[in-house]
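To keep things clear, I will list the structure first and then write my remarks on it.
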Amino acid sequence: MSPDMAEREPRGLLVDFGGVLTTNIWASFDRFCDREGLERGTVLELFRGDGEALALLRSLERGAVADHVFERDFAEMLGVEPEGLIERLFGGLRPERRMIDAVGSARAAGIRTGLITNSWGMGIYDRAPLDRFDATVISGDVGLHKPQPEIYLLGAERIGVPADRCVFVDDLRENVAGAEAVGMAAILHRDPATTIAGLERLLGLRLEPPPGRGGSEGPVRGAAAPAPPRPRRRSGGSGRAKPGSSRRLD
Ligand SMILES: [Mg+2]
223 MSPDMAEREP
233 RGLLVDFGGV
243 LTTNIWASFD
253 RFCDREGLER
263 GTVLELFRGD
273 GEALALLRSL
283 ERGAVADHVF
293 ERDFAEMLGV
303 EPEGLIERLF
313 GGLRPERRMI
323 DAVGSARAAG
333 IRTGLITNSW
343 GMGIYDRAPL
353 DRFDATVISG
363 DVGLHKPQPE
373 IYLLGAERIG
383 VPADRCVFVD
393 DLRENVAGAE
403 AVGMAAILHR
413 DPATTIAGLE
423 RLLGLRLEPP
433 PGRGGSEGPV
443 RGAAAPAPPR
453 PRRRSGGSGR
463 AKPGSSRRLD
């Protein structure tokens, strides 16, 4: 890799939450459908094919409707009980440890890290690994949602890295396209192995122990990477990052 290319390596990592730092979100929705006696795919079809359902979701993501209003209206569309609907929809999600650890490894190696998430109420973040991040952008807090360009730019600003030096990861194609539209490198997440390999290539870092080293010691923290050394210019906190903004979510 030429010095010029090394200079262009991304220095910021921005990631989605649901379906990236957790197990697959559509699988959780299908488990919800199984439990509620609905046909699998019902939730996904509503958001894809019903303008009213999508508008309701967008309102929730921006924080424009309260959780209980979303639950009441979406329950009516599904024909299920509204009580605790958001929790029931996400009840099948589990932390995706490999991805969470990979973000932690990137941060330990000097990459600035941020979370950009379209929120479905605030309860879901009680279990989020927010300590891996220098900054967070929760859509409901900022009145924006992916794939609006402003939300990606806000994420880049909060971690103090220009958009064209950030890499973004999301499990929705439209959100990946939104990041690319503001100049970010982006990865469409399908599984941890593929995403981590892509991140290692883009960041020039090893984020996991090599095969055969076993996982007992956890991820390699800033270990020897097959990339040329890069300047470590960032001298601790940029004043523009706002890690404190996540505190109320703890
Ligand atoms: Mg997602």
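Residue numbering for the sequence shown follows the numbering used here, beginning at 223 and increasing consecutively. Built from N, CA and C at the ideal position, the CB exists for glycine as well. Since we're looking at a predicted model, the values are computed, not measured.
Open item on the list: I need the straight-line Cα distance from residue 343 to residue 360, nearest angstrom please.
Closed with: Translated into positions along the sequence shown, residue 343 becomes position 121. Translated into positions along the sequence shown, residue 360 becomes position 138. Whole-angstrom Cα-Cα distance: 10 Å.
Open item on the list: At the level of alpha carbons, what is the spacing between residue 280 and residue 233?
Closed with: By one-based count along the sequence shown, residue 280 stands at place 58. By one-based count along the sequence shown, residue 233 stands at place 11. Cα-Cα distance, rounded: 30 Å.
Open item on the list: Taking its Cβ as the centre, do 16 or more other Cβ atoms sit within 10 Å of residue 276, making it buried, or is it exposed?
Closed with: Walking along the sequence shown from the start, residue 276 turns up at place 54. Residue 276 should be labelled exposed.
Task: Extent of the continuous alpha helix (DSSP H) to which residue 300 belongs - done: By one-based count along the sequence shown, residue 300 stands at place 78. Run containing residue 300: 289 to 300, per the alpha helix (DSSP H) assignment.
Task: Burial state of residue 289, where buried means 16 or more other Cβ atoms lie within 10 Å - done: Working through the sequence shown from its first residue, we reach residue 289 at position 67. Classification for residue 289: buried.
Task: Touching by the beta-carbon criterion (3+ pairs, under 8 Å), the segment 321 to 334 and the segment 258 to 269 - done: Fewer than three beta-carbon pairs drawn from the segment 321 to 334 and the segment 258 to 269 are found closer than 8 Å, and the two stretches are therefore not classed as touching.
Open item on the list: Are there any heavy atoms of ligand 3 lying less than 8 Å away from the beta-carbon of residue 413, as far as the coordinates show?
Closed with: This structure lacks ligand 3; the ligands present are ligand 1.
- [ ] Kindly examine ligand 1 and report whether one of its heavy atoms sits closer than 8 Å to the Cβ of residue 362.
- [x] Walking along the sequence shown from the start, residue 362 turns up at place 140. Taking 8 Å as the cut-off, one finds no heavy atom of ligand 1 near enough to the beta carbon of residue 362.
- [ ] Go through the segment 360 to 423 residue by residue and report every complete run of the alpha helix (DSSP H) that reaches 4 residues or more, in order.
- [x] Listed in chain order, the complete alpha helix (DSSP H) runs (minimum 4 residues) inside the segment 360 to 423 are 361 to 364, 371 to 381, 395 to 403.
Task: Endpoints, beta strand (DSSP E) assigned at residue 334 - done: Position 112 of the sequence shown, counted from the first residue, corresponds to residue 334. Note, residue 334: beta strand (DSSP E), 334 to 339.
Open item on the list: Applying the 10 Å Cβ sphere with the 16-neighbour rule, what's the burial state of residue 272?
Closed with: To locate residue 272, count along the sequence shown from 1; it is residue 50. Result: exposed.
Task: residue 337 to residue 403 span [Cα, whole Å] - done: In the sequence shown, the residue the question calls residue 337 occupies position 115. In the sequence shown, the residue the question calls residue 403 occupies position 181. Each residue's Cα considered, the two are about 18 Å apart.
- [ ] Work out the CA separation of residue 370 and residue 333 for me, nearest whole Å.
- [x] As a first step, residue 333 is located in the sequence shown; it is residue number 111 there, counting from the start. As a first step, residue 370 is located in the sequence shown; it is residue number 148 there, counting from the start. Roughly 24 Å separates the two Cα atoms.
- [ ] Run the proximity test for residue 259: is its beta-carbon closer than 8 Å to any non-hydrogen atom belonging to ligand 1?
- [x] Locating residue 259 in the sequence shown gives position 37, where the first residue counts as 1. It does not: the Cβ of residue 259 is nowhere closer than 8 Å to a heavy atom of ligand 1.
Task: Any non-hydrogen atom of ligand 1 closer than 8 Å to residue 394 Cβ - done: In the sequence shown, counting from the first residue as 1, residue 394 sits at position 172. Remark: the C-beta of residue 394 is in contact range of ligand 1, defined as less than 8 Å to any heavy atom.
Task: Residues that DSSP places opposite residue 237 in a beta bridge - done: Along the sequence shown, one-based indexing puts residue 237 at 15. 337, 391.
Task: Beta-carbon proximity list for residue 446, same chain, < 8 Å, skipping 5 on both sides - done: The residue given as residue 446 occupies position 224 in the sequence shown. In this predicted model, residue 446 has a pLDDT of only 39, less than 50, meaning its place in the structure is not dependable enough to derive any value.
Open item on the list: Considering only heavy atoms of ligand 1, does any lie closer than 8 Å to the CB of residue 400?
Closed with: For the purposes of this step, residue 400 is identified with residue 178 of the sequence shown, where counting begins at 1. Not so, every heavy atom of ligand 1 lies at least 8 Å from the Cβ.
Task: Proximity test, residue 389 beta-carbon vs ligand 1 heavy atom, cut-off 8 Å - done: As a working mapping, residue 389 is identified with position 167 in the sequence shown. For ligand 1, not one heavy atom lies less than 8 Å from the Cβ of residue 389.
Task: Residues bridged to residue 351 [DSSP beta-bridge criterion] - done: In the sequence shown, residue 351 corresponds to position 129, counting from 1. Beta-bridge pairing links residue 351 to no other residue.
Open item on the list: Under 8 Å: does the beta carbon of residue 241 sit that close to some heavy atom of ligand 1?
Closed with: For this step, residue 241 is matched to residue 19 along the sequence shown. Indeed, a heavy atom of ligand 1 lies less than 8 Å from the Cβ.
Task: Element boundaries [alpha helix (DSSP H), containing residue 330] - done: For the purposes of this step, residue 330 is identified with residue 108 of the sequence shown, where counting begins at 1. Segment 319 to 330, the alpha helix (DSSP H) holding residue 330.
Open item on the list: So, for residue 392: in the same chain, excluding its five sequence neighbours on each side, which residues have a beta-carbon less than 6 Å away from its beta-carbon?
Closed with: Your numbering for residue 392 matches position 170 in the sequence shown. Excluding its 5 nearest sequence neighbours in each direction, residue 392 has C-beta neighbours in its own chain below 6 Å: 238, 398, listed in chain order.
TODO: Taking all protein chains shown into account, decide if residue 408 is buried (16 or more other Cβ within 10 angstroms of its Cβ) or exposed.
DONE: On the sequence shown, position 186 is the one that residue 408 refers to. The Cβ neighbour count for residue 408, taken over all protein chains shown within 10 Å, is at least 16; the residue is labelled buried.
Open item on the list: For the alpha helix (DSSP H) containing residue 264, name the first residue and the last one.
Closed with: Numbered from 1 along the sequence shown, position 42 holds the residue referred to as residue 264. Unbroken alpha helix (DSSP H) run through residue 264: 264 to 271.
TODO: Look at the Cβ atom of residue 296, then the Cβ atom of residue 315, and state whether they are nearer than 9 Å.
DONE: Locating residue 296 in the sequence shown gives position 74, counting from the first residue. Locating residue 315 in the sequence shown gives position 93, counting from the first residue. No, they are not a contact pair.
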